[in-house]
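Worksheet: one structure, shown below.
Numbering (this note's numbering), first residue to last: 1 to 187.
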């Protein structure tokens, strides 16, 4: 109940639709044929961001999320930005050994107000992100149902942009006698 109350409080005020400038009109039906924009930072850029993140005791996820919020705010000329991010959904130790998909989506809502310095905004994002992850056990689908969000077949409820931060830290592992084949098709 406390997780539910937290999320309902975060979305007590109606959200605004992120209206990014595009070179085509938005389809009436969501085709799910979005795009992925991936980029890599140079070693110097990454190090500079790491220094700021360390000084402000934030993670690189929070640092890059803050920058992404500001970018979307500028592009959409809005201050109320909601970005979805996936979570592993394995909060309990009991789930660690179980095979299966437990992913939940968190709708991260931040306000990039023009009078804040970047450091102040980063601090706000840090605080809010920690709160969001603390309450991640409340399912996104339940939140949508509870909020009674007006459905638009051309948009995702609450957010249109997902954010996933991957670091280049080597997390590889070796599984002998396992062969994996991946096939990609375009629809």
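Beta carbons: idealized from backbone N, C-alpha and C, even for Gly.
On a predicted model such as this, the values are computed, not experimentally measured, just so you know.
| query | result |
| --- | --- |
| Where the beta strand (DSSP E) containing residue 84 begins and where it ends | 80 to 87 |
| Under 8 Å between C-beta atoms of residue 149 and residue 111 | no |
| Residue of 121, 45, 129 minimising C-alpha distance to residue 73 | 121 |
| Same chain, Cβ closer than 7 Å to residue 139, five either side skipped, listed in chain order | 104 |
| Which residues DSSP lists as bridging residue 106, in chain order | 85 |
| Residue burial classification, residue 43 (beta-carbon count within 10 angstroms, cutoff 16) | exposed |
| Proximity below 8 Å, CB of residue 82 to CB of residue 159 | yes |
| Reference residue 85, options 55, 56, 136, 58, closest by Cα | 136 |
| DSSP three-state assignment for residue 132, whether helix, strand or coil | helix |
| Residue 132 classed as buried or exposed, judged by whether at least 16 other C-beta atoms fall within 10 angstroms | buried |
| Cut-off 6 Å between Cβ atoms - residues of its own chain near residue 147, not counting five sequence neighbours on either side | 11 |
| Residue burial classification, residue 26 (beta-carbon count within 10 angstroms, cutoff 16) | exposed |
| Straight-line gap, residue 47 to residue 153 (C-alpha atoms, nearest Å) | 42 Å |
| Nearest-angstrom Cα separation, counted from residue 28 out to residue 61 | 33 Å |
| Beta-ladder partner(s) of residue 162, from DSSP | 84 |
| CB-CB length for residue 161 against residue 18, believed under 8 Å | 6 Å |
| Sub-8 Å separation of residue 63 and residue 41 beta-carbons | no |
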